[in-house]
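Q: Would you mind keeping the following structure in view while I ask a few things?
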Amino acid sequence: MTTAPMAGPTTRLDRARPTSVQDLRVRADWLRIEVINMIDKAGLGHYSSTFSCAEILSVLYYRSMRLDPSAPDWADRDRFLLGKGHAAVGLWPILSDLGYFPREDLDTFGYIGSNLGDHPDMRKAAGVDFSSGSLGHNLSVGLGMAMAARLRGSDHRTFVLTGDGEINEGQVWEAAMAASHYQLGNLVAIVDANGFIGSGPTAELMSIEPLADRFAAFGWHVIELDGHDVETLVATFDDLPAPESGRPVCVVARTQKGKGVSLMEEAPRAWHVGCLTPEQRDEAIAEISARMQEVSA
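In terms of this note's numbering, the sequence shown opens at residue 111 and continues consecutively.
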């Protein structure tokens, strides 16, 4: 099930585009249904890790990032790096919807030879700024992109979405230290803090709290929020400090793994990987569809 594309410009999209909070909520649930259908066809993918960041992706791509789908390599576009690359199945429907590649490509997801893999590959898919697979690398790469923008006088921002388990990687903290040293206000890290990694709860396996205090101690401007609260996400990204400012920004987004589908919310670890049965798929889509109708009413 899909919704009609939202009205608005399709090229050189300005930041803070006038997309309503209601539309963005519906768009996040539209994404969840697209993900269910894609994983159903491919027989692989990560539902719950993608659902925890559905609202974040919706707000970034449909409102907050400066993009030009007709020119994916436009030098002054905002960059987006998906540190938690296993959530790429949530990136593909959005990029297709914005016009980076035909919708028919979504049917190839996960198949040998497809441009759309379980992790993003910048060499194959338009709209992907960096390939990701192994966790922990993307904040360092985003740091380099932000430094390059500063050197060439561009005001574009670099957004890096990381998982909270990914934060355990030491390289993340080397990047955090360097970003504040170089005063990169054009770098925005978003931590999808859903409290789980594939092996279990982050609090039990390797606690990362107090996460906000740790980034603040490294010199970052930290904002902590509910990662499913679309209105707050919109206000936060609309009011980010200017890219020329001297402190990198970390948005600690408290989220729920499997958000939006009750059977996944109740067993978040079980749905890190796996496939819904036909009955479970129908139940999940019915739940999401009902919520979309309620929001749209």
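Ideal placement from N, C-alpha and C gives every residue a C-beta, glycine not left out.
Within 10 angstroms of the Cβ of E276, are there 16 or more other Cβ atoms? Answer buried if so, exposed if not.
A: buried
Q: Which residues in the same chain have their Cβ closer than 8 angstroms to the Cβ of A150, if we skip the five residues on either side of it in sequence?
A: According to the sequence as given, residue 150 is Asp; it is not Ala. Contacts found: C385, L386 and R391.
Q: Comparing C-alpha positions only, which one of H338, M175 and D183 sits nearest to Q132?
A: Here the closest residue by C-alpha is H338.
Q: Quick check on P119: does DSSP put it in helix, strand or coil?
A: Residue confidence is low: P119 scores 41 on pLDDT, short of 50, so the model does not pin down where it sits. Its coordinate-derived value is still stated next. Looking at P119 - three-state DSSP - the assignment turns out to be coil, as it is neither helix nor strand.
Q: Does the Cβ-Cβ distance between L208 and P230 come in under 9 angstroms?
A: Contact: no.
Q: Measuring only the C-alpha atoms, how far is F211 from P179?
A: 9 angstroms
Q: Could you give the DSSP three-state label for G273: helix, strand or coil?
A: strand
Q: Can you check DSSP and say which residues form a bridge with G310?
A: I307
Q: Can we say the segment 369-380 touches the segment 340-347, given the rule of at least three CB pairs closer than 8 angstroms?
A: no
Q: Measuring straight from C-alpha to C-alpha, what distance separates M287 and Q293?
A: Distance between the alpha carbons of M287 and Q293: 10 angstroms.
Q: How would you label A396, buried or exposed, when you count the other beta carbons within 10 angstroms and need 16 or more for buried?
A: A396 comes out exposed.
Q: Who are the Cβ neighbours of E144 in its own chain at under 6 angstroms, not counting the five residues just before and after it?
A: If you ignore the 5 residues before and after E144, its C-beta comes within less than 6 angstroms of the C-beta of P203, all in its own chain and listed in chain order.
Q: List the whole-angstrom C-beta distance separating D239 from L191, where the pair is believed to meet the contact cut-off of C-beta under 8 angstroms.
A: Taking a contact as a CB-CB distance under 8 angstroms, the pair D239 and L191 counts as one, their CB atoms being some 6 angstroms apart.
Q: Who are the Cβ neighbours of Y171 in its own chain at under 6 angstroms, not counting the five residues just before and after it?
A: I204
Q: Please classify E404 as buried or exposed, where buried requires at least 16 neighbouring CB atoms within 10 angstroms.
A: exposed
Q: Give the single residue among E334, A377, G356 and G155 whose Cα lies nearest to the Cα of P320.
A: Nearest C-alpha to P320: E334.
Q: Compute the Euclidean distance between the alpha carbons of T113 and R137, then round it to the nearest angstrom.
A: Interpretation of T113 is limited by its pLDDT of 41, a score under 50 that renders its predicted location unreliable; no figure is taken from the coordinates.
Q: Is the beta carbon of D348 less than 9 angstroms from the beta carbon of A126?
A: yes
Q: Should P378 be labelled buried (16 or more other beta-carbon atoms within 10 Å of its own) or exposed?
A: buried
Q: Nearest to Y221 by CA position, among R233, L154 and T272, is which residue?
A: Ranking R233, L154 and T272 by Cα distance to Y221 puts L154 first.
Q: Where does R262 land, buried or exposed, given buried means 16+ other C-beta within 10 angstroms?
A: exposed
Q: On the CB-based measure, 16 or more other CB atoms within 10 Å of its CB, does R142 come out buried or exposed?
A: buried
Q: Which class does A394 belong to by DSSP, given the choice of helix, strand or coil?
A: helix
Q: So with Cβ pairs under 9 angstroms, would you call V383 a contact of chain B?
A: Checking the listed chains, one finds no chain B in this structure; it contains a single protein chain.
Q: On the three-state DSSP scale, how would you describe K152?
A: Correcting the residue identity first, residue 152 is Ala in this sequence and not Lys. Helix, per DSSP.
Q: If distances are taken between C-alpha atoms only, which option among W381, V332, G243 and H382 comes closest to C360?
A: V332
Q: Find the nearest neighbour of H266 within the set A352, T365, S242 and F328, judged by alpha-carbon distance.
A: Of the candidates A352, T365, S242 and F328, the residue whose Cα lies closest to the Cα of H266 is A352.
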